[in-house]
Amino acid sequence: MTAASRSQKRLAALTMGRWDRPRQLLPPGTLEPAPMLLWASLLVLAPVSGQLAALPKPVISLHPPWTTVFKGEAVTLTCNASRVHAAENIKRYWWYLGAQTLREIPGNTLKARVSGTYKCQIQGSSPSDGVSLIFSSDLLILQTPHSVFEGDTLTLRCQVKGREKLAAVKYSWNGNVIFTSRNSQDLLIPQASLNNSGNYQCIGFLEGNHYTYRSNNRIIKIQELFSRPKLEVTPPQPTEGGPVNLSCQTELRLERSDTLLSFIFFRDPGVMLSNWSRSPEVQLTAIWREDSGSYWCVVAAVVPSIRKHSLPLQVRVQGVPVSGALLETQPQGGRLLAGERLVLVCSVAEGTGDTTFSWHREDTGERLGSKRQRSRRAELEIPAVGGSHAGRYYCTADNGHGLALSGALNVTVTGDGFLGNTARRRPATGPGETACAGCPVPVELRQLYGKQQLYGNVPPGEGDLVYSEVQVIQLGQEGAGRTSPADAGRFKPQETSLSTSHRKLTARPPLLAESSAGQRGRCQTARTPRLPARGIGLDT
């Protein structure tokens, strides 16, 4: 048999012997030794077994509510069990006066007529808090309630003995008169606060009597309805991007366990994290480094209106350094045709918060661009690649906690992107028109080869285009437009060709040439088709 089993068996034997044996109710004022130490040992042993946990202690209420009455009067005490322990399941109540057992009865009420401190106990609970009663023989007494909580109305009554009547009363607080009345003998302090605690006394003036009577001094302590809240954060050192649970811990007095409380949470500077709610907890699904700061909560009782703030709690959000940077391309492998779209994808395996991604050329040392975003992945797009985009690339990532560098990735660009034959056809002529053996073409072609510039004349296009290959054909000398038809056969055009890749061609509209007959002729040229968007290249 385990130690826990032996303790449970001993507890059952002791409690059964205590509760089941017949008892004779003792007359009032008769005391017997109380097994207080025995009950304490049982309550300590009960949790060890894991089966019998102590129930909440009961609460004593009074009727009338005064703790000071005249001798010969009686006060009815009621032992109130908690809600979790139904009254119909309780078969025995124990009453104590001081350290002595007063009686054991099946009911939960007791009429008290003797001064002293009373407690009650039910099966499976610890004793209640004590209630001190005074049965006085004085002529004038100050009657006060047993317990007053903040927000309650504090009622004090100045009472005279027998058939005497009071003509006027005064109430003092800590030696200072705070209220005088000829009509009412009661002092009401609504919405009592902790500041109303102190030493109270009443002074009475009897009808037809010139004497002044003073009551006994009564010390009244206003009790907290609920304790000042304490904010708890789980985990205490949260990590960026992770969830956080905020809990507003407070303790509601057992006598007022039915009081409704509401909770709300804040963060500096005045950021409201939740609305008023009956739940003492709120969960933040994700917290970030900029969320670091002071956090606090507020608890409010709906009736009466009482609010209490927790002390501010500093929360520092921990960041995770970036690591495992990786550069990838779309399309995969980094092999592209000239004019295709290239996407450089930079990602990290770990890291939290806002991250700055940067893309670089390893061979030229050029920084291509950067992006800052709250993500582990970012993209940089090159709409159309050319031969100059071939090379080695890498990326970096930095979130303020560390820098991660990816490995270098090689990008190759193949092909010249030539879209088709751009050969010219001989221009057609109409009636009265002379064919142009060669038209002056004021078109400028500029190509940059290092510091050199190359110019040539080419047929006009339809605006600014980008060619993957340009063919330059010079037809005859200047002024060939005026050559007679007879001489045209002896003229042999000189053909020159120039190939280049991805150069910008600026063309002006063609000029009209005059025929030998003085008429204006048309110089017709074969138009070069406009290239589609994918054929457009960039050359820097």
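Each residue of the sequence shown is one higher than the one before, starting from 1 at the first, in the UniProt record's numbering. Cβ coordinates follow ideal geometry from the N, Cα and C atoms, glycine included.
The beta-carbon distance between residue 241 and residue 352, rounded to whole angstroms, is 5 Å. This is short enough to meet the 8 Å contact definition. Here the alpha carbons of residue 227 and residue 253 stand approximately 8 Å from one another. The count of Cβ pairs closer than 8 Å, one atom from the stretch 219 to 226 and one from the stretch 262 to 278, stays below three, leaving the stretches out of contact. Judged by DSSP in its simplified three-state form, residue 366 adopts coil rather than helix or strand. Between residue 77 and residue 109, the gap from beta carbon to beta carbon is short of 8 Å. Under the three-state reduction of DSSP, residue 375 is assigned to coil, being neither helix nor strand. Judged by DSSP in its simplified three-state form, residue 291 adopts helix. Per DSSP, the beta bridge partners of residue 220 are 198.
When C-alpha distances from residue 82 are compared across 114, 349 and 126, the shortest belongs to 126. With contacts defined as CB atoms closer than 8 Å, residue 404 and residue 322 qualify as a contacting pair. In terms of Cβ geometry, residue 282 and residue 294 do not form a close pair [threshold 8 Å]. Put simply, the backbone Cα of residue 214 is about 5 Å away from that of residue 203. For residue 63, the enclosing beta strand (DSSP E) begins and ends at 59 to 63. With fewer than 16 other CB atoms across the displayed protein chains lying within 10 angstroms of its CB, residue 278 is exposed. Going by DSSP, residue 276 is part of no beta strand (DSSP E) at all; its letter is neither H nor E. With contact defined as three or more Cβ pairs closer than 8 Å, the stretch 188 to 195 and the stretch 145 to 156 are in contact.
The stretch 332 to 346 and the stretch 286 to 305 do not touch, with fewer than three beta-carbon pairs separated by less than 8 Å.
Taking a cut-off of 8 Å for Cβ pairs, the stretch 120 to 136 and the stretch 164 to 181 do not touch, as fewer than three such pairs fall below it. For residue 341, the secondary structure class from DSSP, reduced to helix, strand or coil, is coil. Taking 8 Å as the cut-off, the Cβ atoms of residue 292 and residue 316 count as close. Going by beta carbons, residue 367 and residue 347 fall outside the 8 Å limit.
In this structure, 356 is the residue among 246, 356 and 271 with its C-alpha nearest to the C-alpha of residue 401.
In this structure, the beta-carbon distance from residue 284 to residue 244 falls below 8 Å.
Residue 93 and residue 57 have their C-alpha atoms some 12 Å from each other. A Cβ-Cβ contact shorter than 8 Å links residue 239 with residue 318.
By alpha-carbon distance to residue 371, the top candidate from 200, 289, 381 and 103 is 381.
When beta bridges are read from the DSSP output, residue 318 appears opposite 239. Ranked by Cα distance from residue 217, the first of 364, 233 and 138 is 138.
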